[in-house]
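*Asks:* Note that the numbering used here has the sequence shown beginning at 54, numbered continuously upward. Even glycine gets a Cβ: it sits at the ideal position worked out from N, Cα and C. If you scroll down you'll find the structure; I have some questions about it.
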Amino acid sequence: PTGSSYVWVELPTLAGTNTYIWALWGNPDVSESPAACMTNGAAWNANYDAVWHLVGTNVAGVGFRCPDSTFKRRHCSSAETTTNALGLAGNSRGFNGTSSYLTASSNFLNNHAQITISEWVNPYTQVQGSRVALCGQNDLVEHGFQTNPMPMAWTPGGGQIYPGVALTYNVWSHVVLVGDGTGMKMY
54 PTGSSYVWVE
64 LPTLAGTNTY
74 IWALWGNPDV
84 SESPAACMTN
94 GAAWNANYDA
104 VWHLVGTNVA
114 GVGFRCPDST
124 FKRRHCSSAE
134 TTTNALGLAG
144 NSRGFNGTSS
154 YLTASSNFLN
164 NHAQITISEW
174 VNPYTQVQGS
184 RVALCGQNDL
194 VEHGFQTNPM
204 PMAWTPGGGQ
214 IYPGVALTYN
224 VWSHVVLVGD
234 GTGMKMY
């Protein structure tokens, strides 16, 4: 095969001789289930409130369910239609920009003076409406798009920020929102 691969690996220790890390694609003898570190919280310390890789399954009575990779188990789900999409480093979710969404199981941003929200986004079509949220909590802070495809963040009290640089359609971009208790910045 040809092309590039983007791989994230956490190795607390790798020592000795004849020690290898194997990456296997297309091998029918290898399980297609997510690696244990994506579901058991082993890769994330207690300071992470939720990590979603957007790899999930359809669960009867729930709809699409996306597990939280931290030990806190703040799984998200959606009864609305989201689609499988090719991500930057594996699968991702496709949202229609109007009615598809994922909902977390708790108000995970409550009682935090400082937050960081980080995500990879790939705007593939014009946003419908004046503002479309990507991530956040309705009653605290959200970030998403307004004025295609300009990322922004907003709070219920009317505060909002724009990084001043629009994203490019059909190109993956890393967007990070940082709040320190006195203000927000977006990168």
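Under three-state DSSP, which class holds His-196?
*Replies:* By 1-based counting over the sequence shown, the position of residue 196 is 143. Strand, per DSSP.
*Asks:* Based on Cα-Cα distance, which residue from Lys-125, Thr-151, Thr-110 lies nearest to Asn-137?
*Replies:* For the purposes of this step, residue 137 is identified with residue 84 of the sequence shown, where counting begins at 1. Taking only the C-alpha atoms, the option nearest Asn-137 is Thr-110.
*Asks:* Quick one: what's got a C-beta closer than 6 Å to Leu-193's C-beta in the same chain, skipping five residues either side?
*Replies:* Taking the sequence shown and counting its residues from 1, one reaches residue 193 at position 140. Within the same chain, Leu-193 has close Cβ partners Leu-162.
*Asks:* How far does the beta strand (DSSP E) with Leu-139 in it reach, from first residue to last?
*Replies:* Along the sequence shown, read from residue 1 onward, the residue named residue 139 stands at position 86. Residues 136 to 140.
*Asks:* Apart from the five residues on each side of it in sequence, which residues of its chain come closer than 7 Å, Cβ to Cβ, to His-128?
*Replies:* Residue mapping note: residue 128 aligns to position 75 of the sequence shown, counting from 1. If we look at His-128 and ignore the five residues flanking it on each side, its Cβ neighbours are Arg-118, Cys-119, Pro-120, Asp-121, Ser-158.
*Asks:* Among residues of its own chain, excluding the 5 on either side of Asn-164, which ones have a beta-carbon nearer than 8 Å to its beta-carbon?
*Replies:* Within the sequence shown, the letter at position 111 stands for residue 164. Within the same chain, Asn-164 has no close Cβ partners at all.
*Asks:* Please state whether DSSP places Leu-155 in a helix, a strand or coil.
*Replies:* Taking the sequence shown and counting its residues from 1, one reaches residue 155 at position 102. Three-state DSSP puts Leu-155 in coil, outside helix and strand.
*Asks:* State whether the stretch 209 to 221 contacts the stretch 148 to 157, with contact taken as three or more CB pairs (one from each stretch) at a distance under 8 Å.
*Replies:* No, because fewer than three Cβ pairs between the stretch 209 to 221 and the stretch 148 to 157 fall closer than 8 Å, the two stretches do not touch.
*Asks:* Can you tell me whether Leu-155 is buried or exposed, with buried defined as 16 or more other CB within 10 angstroms of its CB?
*Replies:* For the purposes of this step, residue 155 is taken as the residue at position 102 of the sequence shown. Leu-155 comes out buried.
*Asks:* Out of curiosity, what's the CA-to-CA distance linking Ala-103 and Gln-190?
*Replies:* As a working note, residue 103 is residue 50 in the sequence shown. As a working note, residue 190 is residue 137 in the sequence shown. The straight-line gap from Cα to Cα measures roughly 13 Å.
*Asks:* Less than 8 Å between the beta carbons of Val-231 and Thr-169, yes or no?
*Replies:* Sequence index remark: in the sequence shown, residue 231 carries index 178 (1-based). Sequence index remark: in the sequence shown, residue 169 carries index 116 (1-based). Yes, the pair counts as a contact, with Cβ atoms nearer than the cut-off.
*Asks:* In whole angstroms, what is the alpha-carbon distance linking Ser-130 and Gly-236?
*Replies:* Counted from its first residue, the sequence shown places residue 130 at position 77. Counted from its first residue, the sequence shown places residue 236 at position 183. C-alpha separation (whole angstroms): 30 Å.
*Asks:* Going by beta carbon distance, what residues of the same chain come within less than 6 Å of Trp-173, once the five residues before and after it are set aside?
*Replies:* Within the sequence shown, the letter at position 120 stands for residue 173. The residues are Leu-141, Trp-225, His-227.
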